[in-house]
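Chemist: Got a structure for you, written out below as structure tokens; questions coming shortly.
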Ligand code: SF4
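Chains as they are written, first to last, in this note's numbering: chain A, 1 to 563; chain R, 564 to 707; chain G, 708 to 800.
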């Protein structure tokens, strides 16, 4: 067994702002793995039926997909150490086929897991303080946040601190583990929302009041999937001390009154819609008022203790200087795939997991090892997983960029396409997922090949293109500037296109452009949409801005004119 | 039906009474409908379903001596909220019994939400029930 | 399973499931065993379905997959289940 290095074995300067497990967390994880080992044994012996076992395995991140079991590993709030990434490579080799896929929820999915191995795989994860708890099931899922947390220039408060508090609070919550449906929480602490808080069951935006006290604006009832909806504000400011009590009040009302008859009407958004946001708020307020609030108070000492574990790493005192390289390709990459940190002289580097023709978010075990090495050398051993299915090295000295760029280029991880058309989000789709209507990955591969010309992509400018294989919307197609949804027509793959979605502060749901396209017509359809934009755009106008000015009509015309 | 407390089988001093049988002198458990309609005096137990409202719970907490919460399915978690509301919101201190579709895998959740006993089917293997209570040395949240 | 409902109208069907221990796609053979190879699947007429879908503790989610008149899987989903992902990434270790 590969003995993963414990985070605590690392010298302090190598431990960047990563939450370090204490013995409570470790004992808990070990117990959880053994519990699951017993449960698997009870399933294999026939003591548990599949119906009884399914919710249990789902709660441990284990799905039964098309070809095998799939293990969804939580990367809590997207923060990953080099040690952990190496351990993920170990898992990919030992229990899978040498690769994995990063998802929009900052998780990693392994696609070829055996039930017999599942407990061993979880034990191997636990060696690196990782787990798959509550990455599925009708419970509170992995809390997601901004990939630039802790380093962003526009950050007000580091959201990882609260994301970790919520991780602890939601883990095996005795009351909220059998909710009507899954429950997703996102949190942001910056002025720009990079966590899509308006399309989550609960979205938290950290704020400060006039006195400088920390609190949260709370959105509730947002979500994609069937009947997508932008969340409503249920409270403009919940003080830090009341955060847990307030969330418990929301969850309690939802657990008691959320729909359980129809799985398609069970998310909290339907309850909020049926009661109206005011009606729902009244119930939550009533519950909140009746709670013994003192017991739930978030103790400032506890917050401080967690915050200490995310203490900023020891950085050098550097100045912001312009970095150049004789190779002109460097400047293009630097402009597209890096962004300055709030510490002068440091930048965050996004590793593109979106090469031309590649599998979006896919990574081989060898790449994981190599990237872990680069993280050790250039980023204080820390990485982030983004909800766009890329990785970030968050603490890179700008002066190291030319060397790092060459290393990443050699690994195929330096495609300068972050935020451009080929930075496509794609779910696993019908190649792996048992719920899919149509394939997603091959469509993304074909689109990235069609738009391989980077000069053209730069000319097109910022554009998000999201492809989901079914209405569950794992790739958030509703909020892509261009959204593609796989639909099934008598066993044949078709693709419905939406335009004008947005996942950031100006969150919007895309509008359906018209009848769906067959598999062999979808790439041309995107080409037509892009051409129409290029023809009609005014000076410097982005795709989204142009769409908002023009509406669907001109796109409809060009798309369906020939037909 | 075996009754478990802290993972150990105990004697059941309560008798289930259906709606057409007169209330006995001893400890009977009646339906919520009958409880709300008859407003019986004396120590009475009440069987409640997952959809019981806060108003009904308040009544139950004020006048019942014990409560049986029926889980309609192993994936239906409303019973946890009912127990928790009984304890925390309405200050109920009597026995709360879990019944219906319950699994040892959720025994810890039950006890942490305020259940004191669990009624399991005849012939149940009690080992996983016992084990469940000692499995996790520590927990992250408050318990009722 | 809705697959089974559709299958009743298909030219022919094959009985399929995922194996409990490793989740692998398996097809029921003429002798009642399970095989990982689609070519081993017994091709049967849809009208005998009701008697052939009995539960089996070795597998999960038994259903009848619709086949074409050439005895190949009728839908994209079943083709991918039978022959693996289409994205050049299915190599065994
Ligand atoms: S969107 Fe549908 S097809 Fe894609 S991963 Fe999610 S459930 Fe599967």
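The beta carbon of each residue, even a glycine, is placed where N, CA and C say it ideally should be.
None of these values were measured; they are calculated from a predicted model.
#1: With 9 Å set as the bound, which would you pick, yes or no: does the beta-carbon of residue 739 (chain G) sit closer than that to a beta-carbon of chain A?
#2: Classify residue 578 (chain R): buried if its beta carbon has 16 or more other beta carbons within 10 angstroms, exposed otherwise.
#3: Does any residue of chain A bring its CB to less than 9 Å from the CB of residue 679 (chain R)?
#4: Which residue marks the beginning of the alpha helix (DSSP H) containing residue 451 (chain A), and which one marks its end?
#5: Against residue 647 (chain R), what residues of chain A qualify as contacts under a CB-to-CB distance less than 7 Å, listed in chain order?
#6: Look up residue 568 (chain R) in the DSSP assignment and give the residues it is bridged to.
#7: Our contact map puts residue 147 (chain A) next to residue 526 (chain A) with C-beta atoms below 8 Å; I'd like the distance itself, whole angstroms only.
#8: Measuring only the C-alpha atoms, how far is residue 619 (chain R) from residue 598 (chain R)?
#9: Does the beta-carbon distance from residue 480 (chain A) to residue 510 (chain A) come in below 9 Å?
#10: Just mark residue 43 (chain A) as buried or exposed, buried being the case when its beta carbon has 16 or more other beta carbons within 10 Å.
#11: Any heavy atom of ligand 1 inside 8 Å of the beta-carbon of residue 440 (chain A)?
#12: Taking residue 518 (chain A) as the query, report the chain G residues whose CB atoms sit under 9 Å from its CB, ordered along the chain.
#13: Using only alpha-carbon positions, find the residue among A:34, A:227 and A:162 that is nearest to residue 477 (chain A).
#14: Is residue 544 (chain A) helix, strand or coil by DSSP?
#15: Report yes if the C-beta distance between residue 431 (chain A) and residue 775 (chain G) is below 9 Å; otherwise report no.
#16: Does the separation of the CB atoms of residue 575 (chain R) and residue 662 (chain R) fall below 9 Å?
#17: Strictly below 8 Å CB to CB, what residues from chain A border residue 644 (chain R)?
#18: Give me the Cα-Cα distance between residue 565 (chain A) and residue 694 (chain R), rounded to the nearest whole angstrom.
#19: Taking a Cβ distance cut-off of 7 Å, strictly less, list which residues of the region 97-112 of chain A are near chain R, in chain order.
#20: With a threshold of 9 Å between beta carbons, is residue 6 (chain A) in contact with chain R?
#21: Taking CB distances under 9 Å as the criterion, tell me whether residue 704 (chain R) reaches chain A.
#22: Cutting at 6 Å between CB atoms, please list the residues of its own chain near residue 293 (chain A), excluding the five before and the five after it.
#23: Any C-beta of chain G sitting closer than 9 Å to the C-beta of residue 47 (chain A)?
#24: Identify whether residue 216 (chain A) lies in helix, strand or coil by the three-state DSSP scheme.
#25: For residue 578 (chain R), which of helix, strand or coil comes out of DSSP?
#26: Would you mind telling me which residues of chain A sit closer than 9 Å to residue 605 (chain R), beta carbon to beta carbon, in chain order?
#27: Exposed or buried, residue 174 (chain A), counting other C-beta atoms within 10 Å across all chains shown (16 or more means buried)?
#28: Does any C-beta atom of chain A lie closer than 9 Å to the C-beta of residue 734 (chain G)?
#29: Give the DSSP bridge partners of residue 662 (chain R), in chain order.
#30: Flag residue 640 (chain R) as yes if its beta-carbon sits less than 9 Å from any beta-carbon of chain A, otherwise no.
#31: Under 7 Å Cβ-Cβ, which residues of chain A neighbour residue 760 (chain G)?
#32: Near residue 582 (chain R), what residues of its chain come up, given a Cβ to Cβ distance below 6 Å and the 5 sequence neighbours on each side ignored?
#33: Starting from the C-beta of residue 405 (chain A), find all residues in its chain whose C-beta is less than 8 Å away, skip the five residues before and the five after it, and write them out in chain order.
#34: Looking only at C-alpha atoms, which of A:58, A:142, A:30 and A:117 sits nearest to residue 79 (chain A)?
#35: Quick one, which residues of the region 48-70 of chain A are near chain G if we go by CB-CB under 8 Å, in chain order?
#36: Please find out if some non-hydrogen atom of ligand 1 comes closer than 8 Å to the beta-carbon of residue 564 (chain A).
Modeler: Short version:
#1: no
#2: exposed
#3: no
#4: First-last for residue 451 (chain A): undefined, no H or E at that position.
#5: Per Cβ cutoff of 7 Å: 175.
#6: R:571 and R:680
#7: Contact flag wrong, Cβ pair sits at about 26 Å.
#8: Between residue 619 (chain R) and residue 598 (chain R), the C-alpha separation is close to 10 Å.
#9: Yes; because the gap between Cβ atoms is below 9 Å, this pair is in contact.
#10: By the 10 Å Cβ count, residue 43 (chain A) comes out buried.
#11: Residue side-chain check: residue 440 (chain A) places its Cβ nearer than 8 Å to a non-hydrogen atom of ligand 1.
#12: Contact note: residue 518 (chain A) does not reach chain G at a C-beta cutoff of 9 Å; the least C-beta distance is about 12 Å.
#13: A:227
#14: helix
#15: no
#16: In this structure, residue 662 (chain R) does not lie closer than 9 Å to residue 575 (chain R) by Cβ.
#17: 175, 252, 255 and 256
#18: Here chain A comprises residues numbered 1 to 563, so residue 565 (chain A) is not present and cannot be evaluated.
#19: none
#20: Low confidence applies to residue 6 (chain A): its pLDDT is 34, below 50, so where it sits in the model is not reliable, and the reading given next is rough at best. Taking Cβ atoms only, chain R never reaches closer than 9 Å to residue 6 (chain A), which makes this a no.
#21: yes
#22: 245
#23: no
#24: strand
#25: The three-state secondary structure of residue 578 (chain R), taken from DSSP, is strand.
#26: The premise fails here: residue 605 (chain R) is roughly 29 Å from chain A at the closest Cβ pair, so nothing lies under 9 Å.
#27: buried
#28: no
#29: R:633
#30: yes
#31: Result: empty, since nearest Cβ-Cβ is about 15 Å, beyond 7 Å.
#32: 594 and 597
#33: 325, 330, 333, 334 and 414
#34: A:142
#35: 50, 64, 65, 66, 67, 68 and 69
#36: Because chain A spans 1 through 563 in this model, residue 564 (chain A) falls outside it and cannot be assessed.
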